[in-house]
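Engineer:
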Amino acid sequence: MDKTLELAKELIRRPSVTPEDGGCQKLLAERLGKIGFECHHLRFGDVNNLWAVRGKAKPLVVFAGHTDVVPPGPRERWNQDPFLPTVADGFLYGRGAADMKSSIAAFVTAIEDFVAAHPKHAGAIGLLITSDEEGPSINGTVKVVEWLGARKIHIDHCIVGEPTCVQALGDTIKNGRRGSLSARVTVHGKQGHVAYPHLARNPIHLLAPALTELAAVEWDQGNEFFPKTTLQVSNLHAGTGAANVIPGELVMDFNFRFSTAVTHEQLRERTEQIFRRHDLTFDIAWTLSGQPFLTPVGMLVDATRGAIRKVLGVETELSTSGGTSDGRFIAPTGSEVIEFGPRNDTIHQINERVAVGDPAKLSEIYQQILTRLLA
């Protein structure tokens, strides 16, 4: 029996759409408690979190992830019930199979095997699991990190189990992520009749030149690890619904994905300067979802690359592409943080899946990382 695959199935079988956990963390705590882990169930708001730790010495190596999943979408479009784990054609199907219940299963079985082989291992091993990663991310990992900080518990090395691989298991490690800065700007004009534009101020027309400039700005050059910062408009709305009315205001949502070559303060200031230069009357509300972070080549990156090479014979690439992850809450504490998990080609999709052998291979790799850091 493939114990990692079986645990992944057990986790998929528990519906856990954000912020629900579905009993997943209880199952993990029961298994880890049997091998000497001290388990803390931390509930903040409507979110369940689990902090489990074995040992008190340094370094502290932590596996981090989430039990919550995105909604399955139209169930009739799935080949099977999305919460009924199914093996077919060499794949394990189910919501969360890739994002990220296979990784969590691999965390646990890797820890079990490592502890069995090294019952008096150096350092300490931790597991940080939340049910709030796919949602607003305000009562999950960020709160657990605060809870740890208040107890002066510092994570030295952290492996986040997000699905990172592109073509084959082992091909990509995320050693950083771009920051995310969002804004909603309201441009104020004056409502009026379309036949009498001289008596009105159309905010759509007023914004257009500023938006053209914003879209053309080169915010930075990126660097060795990060691509250039990008801006994208996600929503633009104006109008009363009547075809003969000039609207009185316009609302636009936009987002920066930014590198370590620029700060969020610089992006805000340059953006507002453009709006002012075009003589707009506006209000703007900014939301910083996460700072960019980078873990340079060092102990954790080398250990992960070496583990992948040993288990799979693959030379892995470092990447900072994609969206945000909960690594953004852990990295600012000074921890080394990398992300490594299965292929990401079906995450959040209908018929999400992983290759049936990948959970066990992930477990071997995670165990090898522990061996290189703690044995």
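Following the working numbering, the numbering of the sequence shown begins with 53 at its first residue and continues without gaps.
Every residue gets a Cβ at the ideal spot worked out from N, C-alpha and C, and that includes glycine.
1) Under DSSP, the beta strand (DSSP E) around residue 230 begins and ends at which residues?
2) So, under 8 Å CB-CB, residue 150 and residue 395 are touching, yes? Tell me the CB distance rounded to an integer number of Å.
3) At what residue ranges does the region 262 to 333 contain a whole run of the alpha helix (DSSP H), taking only runs of 4 or more?
4) Between the alpha carbons of residue 168 and residue 274, how many angstroms are there, rounded?
5) By alpha-carbon positions, which one of 380, 230, 260 and 306 ends up nearest to residue 314?
6) Using the C-alpha atoms, what's the distance from residue 289 back to residue 244?
7) Counting only runs of 3+ residues fully inside the region 179 to 217, write out the beta strand (DSSP E) ranges in chain order.
8) Using only CA atoms, which one of 417, 426, 399 and 427 lies nearest to residue 144?
9) Check this for me: beta carbons of residue 131 and residue 307, under 9 Å apart or not?
10) What separation, rounded to the nearest whole angstrom, lies between the Cα atoms of residue 344 and residue 374?
11) Check whether the Cβ atoms of residue 211 and residue 114 lie closer than 9 Å to each other.
12) Output the residue ranges of the beta strand (DSSP E) runs that lie fully inside the region 104 to 165 and measure 3 residues or longer, sorted by chain position.
13) In angstroms with no decimal places, state the Cα-to-Cα distance between residue 97 and residue 190.
14) Does the count of Cβ pairs from the region 69 to 77 and the region 99 to 117 closer than 8 Å reach three?
15) Taking the alpha-carbon positions, what's the residue 218 to residue 380 distance?
16) Between the region 223 to 239 and the region 126 to 141, do at least 3 Cβ pairs fall closer than 8 Å?
17) Could you give the residue range of the alpha helix (DSSP H) that holds residue 64?
18) Specify, as a first and last residue, the run of the alpha helix (DSSP H) that residue 242 falls within.
19) Taking only three categories from DSSP, how would you classify residue 407?
20) Can you tell me whether residue 342 is helix, strand or coil according to DSSP?
21) Is there contact between the region 256 to 265 and the region 354 to 373, where contact requires at least three CB pairs shorter than 8 Å?
22) What does a CB cutoff of less than 7 Å around residue 253 pick up in its chain, not counting 5 residues either side in sequence?
23) Hey, residue 319 and residue 271: beta-carbon distance below 9 Å or not?
24) Please say whether residue 332 and residue 179 have beta carbons closer to each other than 9 Å?
25) Within a Cβ cutoff of 6 Å, which residues of the same chain sit near residue 66, ignoring the five residues on either side of it in sequence?
Structural biologist: Looking at the atomic coordinates:
1) Counting from one through the sequence shown, the residue named residue 230 turns up at place 178. Counting along the chain, residue 230 falls outside any beta strand (DSSP E), and DSSP gives it neither H nor E.
2) The residue you call residue 150 lines up with position 98 of the sequence shown. The residue you call residue 395 lines up with position 343 of the sequence shown. Going by Cβ atoms, the distance from residue 150 to residue 395 rounds to 7 Å, so yes, they are a contact pair.
3) Along the length of the region 262 to 333, whole alpha helix (DSSP H) runs at least 4 residues long occupy 316 to 329, reported in chain order.
4) Here residue 168 is taken as the residue at index 116 of the sequence shown, counted from 1. Here residue 274 is taken as the residue at index 222 of the sequence shown, counted from 1. Residue 274 has its alpha-carbon roughly 45 Å from the corresponding atom of residue 168.
5) By one-based count along the sequence shown, residue 314 stands at place 262. It is 230.
6) Locating residue 244 in the sequence shown gives position 192, counting from the first residue. Locating residue 289 in the sequence shown gives position 237, counting from the first residue. C-alpha separation (whole angstroms): 17 Å.
7) Complete beta strand (DSSP E) runs here, min 3: 209 to 212.
8) Residue numbering aside, residue 144 sits at position 92 when the sequence shown is read from its first letter. Ranking 417, 426, 399 and 427 by Cα distance to residue 144 puts 399 first.
9) In the sequence shown, residue 131 corresponds to position 79, counting from 1. In the sequence shown, residue 307 corresponds to position 255, counting from 1. No, the Cβ-Cβ distance between residue 131 and residue 307 is not below 9 Å.
10) Position 292 of the sequence shown, counted from the start, is the residue given in the question as residue 344. Position 322 of the sequence shown, counted from the start, is the residue given in the question as residue 374. Their backbone Cα atoms lie some 12 Å apart in a straight line.
11) Along the sequence shown, one-based indexing puts residue 211 at 159. Along the sequence shown, one-based indexing puts residue 114 at 62. Yes, they are a contact pair.
12) Within the region 104 to 165, the beta strand (DSSP E) runs of at least 3 residues that lie entirely inside it are, in chain order, 112 to 118, 138 to 140 and 143 to 145.
13) In the sequence shown, counting from the first residue as 1, residue 97 sits at position 45. In the sequence shown, counting from the first residue as 1, residue 190 sits at position 138. Straight-line Cα distance between these residues: approximately 9 Å.
14) Yes: the two stretches touch, three or more of their Cβ pairs being nearer than 8 Å.
15) In the sequence shown, the residue the question calls residue 218 occupies position 166. In the sequence shown, the residue the question calls residue 380 occupies position 328. Residue 218 and residue 380: Cα-Cα distance of roughly 21 Å.
16) They do not touch, by the three-pair rule.
17) Translated into the one-based positions of the sequence shown, residue 64 becomes position 12. Looking at the DSSP string, the run of the alpha helix (DSSP H) that includes residue 64 is 55 to 64.
18) The residue you call residue 242 lines up with position 190 of the sequence shown. Residue 242 -> no alpha helix (DSSP H), and no H or E assigned at all.
19) In the sequence shown, residue 407 corresponds to position 355, counting from 1. Looking at residue 407 - three-state DSSP - the assignment turns out to be strand.
20) Within the sequence shown, numbered from 1, the residue matching residue 342 stands at position 290. Looking at residue 342 - three-state DSSP - the assignment turns out to be strand.
21) Contact between the region 256 to 265 and the region 354 to 373 is absent, because fewer than three Cβ pairs lie under 8 Å.
22) Within the sequence shown, residue 253 is the residue found at index 201, counting from 1. Within the same chain, and ignoring the five residues on either side of residue 253 in sequence, the residues whose Cβ sits closer than 7 Å to its Cβ are 241 and 242.
23) The residue given as residue 319 occupies position 267 in the sequence shown. The residue given as residue 271 occupies position 219 in the sequence shown. Going by beta carbons, residue 319 and residue 271 fall inside the 9 Å limit.
24) Position 127 of the sequence shown, counting from 1, holds the residue named residue 179. Position 280 of the sequence shown, counting from 1, holds the residue named residue 332. Against a cut-off of 9 Å, the Cβ pair of residue 332 and residue 179 comes out as no contact.
25) Locating residue 66 in the sequence shown gives position 14, counting from the first residue. 74, 75 and 76, listed in sequence order.
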